[in-house]
Every structure is written in C-alpha cells, then in structure tokens.
Amino acid sequence: MSNLTYLFIAYAFIWTAIFLYLLNIGKKLSFIQREIKLLKEDGYKSEGN
Amino acid sequence: MTGLKQILTIVQKDLILEMRSKEIIVSMLVFSLIVVAVFNFIFDPGSEQIRTTAPGILWIAIIFASNLGLSRSFAREHENAHMQGILLCPVDRSLLYIAKVIGNIIFITIVEIISLPVMVVLFDLDLHGVLPLLLLVLFLGTLGFAGVGTLFSTISANTKSREVMLPILLFPVTIPIILAASKSTSYLLAGRDISQIWSWMRILIIFDVIFLVVCFLLYEYVLEE
Amino acid sequence: MDKKYLIPILLSYVAILAALYFAFIYAPTERTMGDVQRIFYFHVPSAWVSFLAFFVVCIASIAFLRTGKESWDILAASSAEIGVLFITIVLITGPMWAKPVWNTFWTWDARLTTSFILWLIYIAYLMLRSYVHDKERGARFAAVFGIIGFLDVPIVYMSIRWWRTLHPAPVMGGKEGSGLAPEMLMTLMICLGAFTILFATLLFLRYKTGMVATEFERLKIKIHS
Amino acid sequence: MIKVRNISKSFASNQALQDVTFQIQKGQFVTLLGVNGAGKTTLTRILATLTRPTKGTAQIAGHWIDKEPIAVRRQIGVMSHFSFLYGDLSAEENLHFYGKMYAVQNLQQRIDELLQQVNLQTRRYELVQTFSRGMQQRLSLARAIIHRPNILLLDEPFAGLDVNAHKMLNDLLHNFIAHDSTVLLTTHDIDYAVKNSHRLIIIKDGRVIADEPTASITTNHIKNLLADKAK
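What follows is the structure, encoded as structure tokens:
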C-alpha cells in the first residue's frame, strides 16, 4: 500500500511540475502577444493621426 | 618577455596595495581562525573525533576565507574602474588571468601558513614527516580553488549583491577540488599508505589542470565590456 | 493558437500517453521491488533529459561566445530552465523510489550526488542570469558559467564515485539495464523517446517565448523613440 | 589616423550604435557630441578595444581593432571621468605601474618629466586618495600619455571638475597636444566643443546625424539638432 503511495506521489509531482511550467510559458507568451497587439494598434493610430 | 614582466608588475602592484591596506589578508585570517575556533566548540576538545575531522575543518576554513578574500580583491579593482585602466594597457587578456591567479594564491597561501600552526596546536596534530607533502597538497588545492575563484570573482564583481553570488557560483563547481584536497589531507594526517594518498593527489592534479586550462581560455570573455 | 505550436504539443501529448501505457500496463511488475519500480520509467528519462538540456546549454553558450548572437543566449537560458525542472524531478522521484526499496530517502551514491550538485550549479546559473546589470555582459557571464558547469559534470561524477568506492555504500540493486527483462527495456526506451520529444517541445516553446519577448522589447523602444 | 567603418552595436532590445562611419585625419581635434545615452561612450570603448562591435570595424593608426587590439592599445591614450588611479598608491607609484605595463623606456626620467608638467612634483610621494578631483584628473592625464601616444581618446575628462581645475586641465591638455596628435573627445558640453575642436560629429540614438567642421556650424544649430525629437 505505502509502496503505491510513493509511486503516486512521484508521478503526481512529475506531472504537476511539467504542467505548471507549461502554464507559466503559456502565460508569458499570451501576455506578450496581447501587449504586441496593443502596441501595434497604438502604432497605427499615431501614424493615422 | 614583456608578458612576463607585465604579470610581475600586476602581482607586485597587488602586493603593495595589500601591504598598505591589509584588508584582504587580515579579514581572511581572522575569518579562518574563527572557523577553526567555532569547530573546536562544536566537537569535544581533545577528543579523537576532532582529530579525524581536522582536515575537513582546515579546508572549510581555507575555502570560506578564500571566498571572502576573492570577492574583496575584485571589488577593489572595481571601485575606480581600475580594471578598465589595466585593460587599456597593451597586455594580453589571458596574462591578466595568470597575474590575478598568482596574486590570489599568494594571499591565500599567507593565510594558510599562519593558520596551519594554529590548527596544529589547537587540534594536537602530528605533522612529523608529512609536512612537505601536506604543503604540496595545500598548494594544489589552493591552485585549483583560486584558479576557478579568480574567474568567478570577476563575474560576481559585476553582478548585484556580489558577496552572495560568489560562493553560490564557486562552491558547487569546485566540489571535486575540495573533495580531492580534503581527502588527500585526511589520508596524509591519518598516516595512510603513500599509494592511497597519491591516488587522491593525482586526481587533484588532473582537476587542477582541467580547471585552469578552461578558465584561462574563457577569461577574456568575462573581461570584455 | 498558432499551428507551429500545436503540432509539437500534440506530438508530445501522444508520446507521453504511449509512455504511460507502456510504463503502467505493458511493463510487467518487478518481482522484488513491486509496482514502485515503475517510477524508474520516468525517473531515468528525466535524468537523461536534464543531461541533454545541460548539454544544449553548453553548446549554445559556446555558440554565443563565438557569434555574439542573442538567439543563442535565449536558447541557453531556455534549456537551463528546463534542465533545472527535470533535475528537480529526478531529485524528488529518486527518494520516492529509494525509500520503499532501500528504506532510506537518500544515499550519497555517485549518480544521486552528482544530480544534486548539478541542481546546485544550474540554480546558480539561473540566479546569475537574473543578477546582472548589463544584459550583454550578463549573457557572456552566463555562457562562461554554462560551459564550466557542464564540463564539471563528468569531473563531479568521477570524484564522487572515487570517494564512494572507498566507503561502504548500500548495494544499489545491480546496474540499470543489465538485469532488465526485455519488456522493461522496451518500456524504458519508449519512455526515453517520449521524454526527449517532450523536452524538444518545451525547449521550442520556451525559446519562442524568449524570442518574442526580445522582439517585443525592441518594438516598444522603437515606438517610444 | 582613425577610420570607423559601419560600426553597429546592439544587444537584445538595446541598439547602442547604428552604422557609424567616419574618418579622422592626423592632427585633427574632433569632438563627439551627444546627450547621455546617445552611444558616445560605447563608441569610445569600442575604439579603445574594451568592447567589440556587433558589426563593422575600425582602424587606428593602421591597426584593426579586432585583429590587433594590443597594437591599437599601444597607439592610444585614454582618459575618462574615471581616473583609473589607485588611491592606495602614490602619484609616482601609479605612473610607475602604468609605465611598466606599457614598457616605457627610461621610465624614471619620463615620470619626473610628466610630474613636472602636470605640476604635481611636490606631491609625488603622497597617496592619490589624498588628492583633489582636479589633481587626480591631472595625474590621470599624465597616466594616459605616459607611453607618448599619437592618438588621444578623451571620454568626458572634465566631468566633476570645478572652474579652476577645468581650466588647468584644459591648458595642460593643449600643451600636450602637439600639432600632429589626433584627438577624439567625447562630451555633452557644446561650448567647449565649439571652442576647441576642428570638427564636430553629432551622435543621436546611436546614429551620426551631423559631421561638420566647427567653423560651419553654429551653437544654436547644434542645440536644435540635439533637442529635436521628432526627426
């Protein structure tokens, strides 16, 4: 029984860690993409004016 | 030939500066003695335990004191952009590395020469017949540690919170050197067979050569601004 | 989401599902260790991926010092981050496996100790990256440290192994790979493949993010000036 | 004497220099003008072989900065707002150290001569940390020319000096500049630049925006060039 608990903890840790890391990258990426979009809109606006 | 003269000029300058301020050697020395004293309190005085751990304590004192000295010696070059002044001179970047390593080895060696007798007295060590080899081991360990330390302290001098950064960079990387040096020392003091001692010293020499060559080759990259 | 991101993500998703199938269903239960041995199928690939990641750091660092191109620097930084992630997994799953089998969380055996020191070295690497004033100089510092850190891997491993062979160490259940049943070996290979694909995907995503971030900074400055 | 060819310096989002090209003839006194962060200091550092350009190269007294940096360093004297002097060494010891690094012949004689010229012979045995900023910069000038360079790179040498010290250093500087020495000065002091140099190179956001003889440009024009943000 305790044998399986260790197995479970190990696997839970592996996937949580990788998932959190992916989430972190995704967050960063979407943040930057949003900012770039805003920046581009700003840029066009000021050019238009 | 001019290269050799330039190395000597830099080393001489560093020694004169240290003789004036004494800040590096004195702080290193006091620190190493404190480490020795603290360990003396942790273990029971005069017990067998302390004699077997003495080589480890010696190396802990040396590497912690060296760490302190290394970070000071580059902070000093940093203060008035002295490093830039030297970099403007017609001197090869890798010669600068050699000069700095020599300077740091001299500082550390002075501290070792003073703190070793203190340890011998405090820990009641028997150096009879092993002193020449022990000095060689001390030199080899210092060579490797100062070789890597010179490179890393140039790096850490240019970072935020440099006093913290140096040991974080330096200690994990130099674990093989510390291990080989302290093992050689403890075998030596335990009166082990010369072949066993030599097996560790050989490793220490190999590590020294590898680290020094790599650091020598990489040094110019950390100097460029 | 962009197509170029979707394909590698799907690919590693499938690979990991396959790896899970093999590790939990296809592979037979180990006779003496029981089901907990299944940690092995993800523990070893994690170790492999972290070594691979640090190798990439080293190569990218050399390339950066030679060319000065920031893309190499971003690649090195990305790979180091992922390497730290996987070496952390190794350090957590190792004791999870060791405790039920050898009844101890930690042994100072060569592989475990080397992983621990590697973890320290690359944590230092990431710290160094975030502690610099000047971006370009900092990138150069990181590259130098990345190269030395990787060259240190075999040195650390050799020194620890030499150190441990001279001491009684717990027997580690034979060499990996030697006593494995063919199904287990097959599973291990599949898992190694799956983790390599996962590594490539993570590296690709992280690298792209880094590149986009720099591009964004450049754009911002251009627009504001 | 100095040929700068298409030098660019950039890293990540920071574009310090962009395609800078100019030439300086022997004997010219040229000033690089620009606001802080325009890239002047970066350019001086590249020419002094302290840092490498991302693109392009330069030739100084016939030596390429990337291929023969040591030969370049022998030809140039560099002075900046840092004195590069050691506070714990005396004036003489500082010169002695740098003189030996440059392998200067008859060093003692050269040191005597320089200390005389920068008017510090009475304080030669005193530690530099006791010197005023003006005295330190004078000694720094002696340090920069100890190996008799034909080319001087001066990066804001007057920063932090009071009026008297400024005048004194300026007089000394002009004494040293023989008719055939080439000077590249970096400053944001427009009046000084106009008064002293033959030619002005104005740098903005890492680009050369004007390169003209001092005689053909007015102070107001320079101010406009530096201030104008839209262009």
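Protein chains in written order, with the working numbering: chain D, -10 to 38; chain Y, 631 to 855; chain S, 292 to 516; chain L, 8 to 238.
Glycine included, each C-beta is placed from N, C-alpha and C at the ideal position.
For L/I197, no Cβ of chain Y is located within less than 8 Å of the residue's own Cβ. Collapsing the DSSP output to three states places S/R428 in a helix. Between the alpha carbons of Y/L634 and L/R150 lies a gap of roughly 22 Å. Every candidate beta strand (DSSP E) stretch fails here, since none sits fully inside the region 807 to 831 of chain Y while reaching 3 residues. Within the model, the alpha-carbon separation for Y/V760 versus Y/K813 is close to 15 Å. Per DSSP, L/I67 lies in no alpha helix (DSSP H) segment; the continuous beta strand (DSSP E) that holds it begins and ends at K62 to I67.
Counting only the Cα atoms, S/R357 lies some 33 Å from D/I7. Not one beta carbon of chain Y lies nearer than 8 Å to the beta carbon of S/F396. The DSSP assignment places no complete beta strand (DSSP E) segment of no fewer than 3 residues inside the region 297 to 359 of chain S.
Shown here for S/A351: same chain residues with a beta carbon closer than 7 Å to its own, the five before and five after excluded, namely W363, L366, A367 and S370 in chain order. Every alpha helix (DSSP H) stretch that sits fully inside the region 85 to 133 of chain L and reaches 4 residues is listed by chain position as 98 to 108 and 114 to 124.
Annotated three-state conformation of L/R59 is coil, per DSSP. Closest by C-alpha distance to L/K230, out of L/H205, L/A200, L/A98 and L/T28, is L/A200. The Cβ atoms of Y/L799 and Y/I785 lie closer than 8 Å to each other. Assignment of beta-bridge partners to Y/P685 by DSSP yields no partner.
Looking at S/A433, S/W410 and S/K426, the one whose alpha-carbon comes closest to that of S/L419 is S/A433.
When secondary structure is reduced to three states using DSSP, L/L161 falls in the strand class. Comparing alpha-carbon positions, the option among Y/V641, Y/I692, Y/Q642 and Y/D644 lying closest to Y/V665 turns out to be Y/I692. Looking from the CA of L/D162, the closest CA among L/K202, L/G46 and L/D212 belongs to L/G46.
Between L/H154 and L/V37, the gap from beta carbon to beta carbon reaches 8 Å or more. Assigned with DSSP and collapsed to three states, Y/S701 falls in helix.
L/V135 is not a Cβ neighbour of L/L179, given a cutoff of 8 Å. By the neighbour-count criterion, in which a residue is buried when 16 or more other Cβ atoms sit within 10 angstroms of its Cβ, Y/V668 is exposed. Between L/I83 and L/A55, the C-beta spacing is below 8 Å. Residue pairing from DSSP places L/D218 in a beta bridge opposite L/I208. Distance from Y/I740 to Y/I655 at the Cβ level is roughly 6 Å; contact confirmed, criterion being Cβ atoms closer than 8 Å.
Per DSSP, the unbroken beta strand (DSSP E) holding L/R12 starts and ends at I9 to F18. For a Cβ distance threshold of 8 Å, residue set Y422, V423 and H424 of chain S lies close to Y/K790, ordered along the chain. In chain S, no part has a C-beta under 7 Å from the C-beta of L/S87; the shortest such distance is about 17 Å.
The DSSP-derived three-state label of Y/I692 is helix.
Residues I330 and H334 of the same chain have their beta carbon placed closer than 6 Å to that of S/T384, with the five preceding and five following residues left out of the count.
Buried is the label assigned to Y/L647, since at least 16 other Cβ atoms lie within 10 Å of its Cβ. Listed by position along chain D, the residues whose Cβ is nearer than 8 Å to that of S/K390 are Y(-5).
The C-beta of S/G501 comes no closer than 8 Å to any C-beta of chain L. Between S/G484 and chain Y, the shortest Cβ-Cβ separation is not below 8 Å. Residues of chain Y whose Cβ lies closer than 9 Å to the Cβ of S/D400 do not exist, since the nearest Cβ in that chain is about 15 Å away.
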